[in-house]
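S.K.: This is the structure I have questions about; it appears just below.
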């Protein structure tokens with residue numbers, strides 16, 4: 001969840017191979033015709049609840065982070 005609403009679903013974690021620490025979340029944003037995966041540094045997490053990760057970012061700021069177009073499926 002971004003500060004201003006739903007931002008997508010956490011799809012994967014990026015883990016530092018040397019330390020075993022999670023460094024980034026991969027958030028999958030789905031639209032009718034495409035899927036986009038946005039890489040979010042864990043430093044942008046505001047809080048973690050039982051079934052939700054709340055980010056410090058709003059959706060516009062989230063869109064400006066590194067992303068890749070994902071294939072459907």
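Residue numbers (the numbering used here): 1 to 73.
No residue lacks a Cβ here, since even glycine has one placed at the ideal position from N, Cα and C.
A quick note: this is a predicted structure, and the numbers were derived from the prediction, not measured.
Does residue 60 come out as helix, strand or coil in the three-state DSSP assignment?
M.R.: In the chain shown, the residue the question calls residue 60 occupies position 60. Residue 60 falls in the helix class under three-state DSSP.
S.K.: With 16 as the cutoff for other CB atoms within 10 Å, does residue 29 come out buried or exposed?
M.R.: As a first step, residue 29 must be located in the chain shown, where it is residue number 29. With 16 or more Cβ atoms within 10 Å of its Cβ, residue 29 is classed as buried.
S.K.: Would you mind working out which of 27, 32, 35 sits nearest residue 12, comparing C-alpha positions?
M.R.: As a position in the chain shown, residue 12 is number 12, starting the count at 1. Comparing Cα-Cα distances from residue 12 to each of 27, 32, 35, the minimum goes to 27.
S.K.: Per DSSP, what kind of secondary structure is residue 120 in: helix, strand or coil?
M.R.: Summary: the structure shown does not reach residue 120, with the chain confined to residues 1 through 73, and so no result is reported for it.
S.K.: From the DSSP output, in three-state form, read off residue 42 for me.
M.R.: Taking the first residue of the chain shown as 1, we reach residue 42 at position 42. Here residue 42 sits in helix by DSSP.
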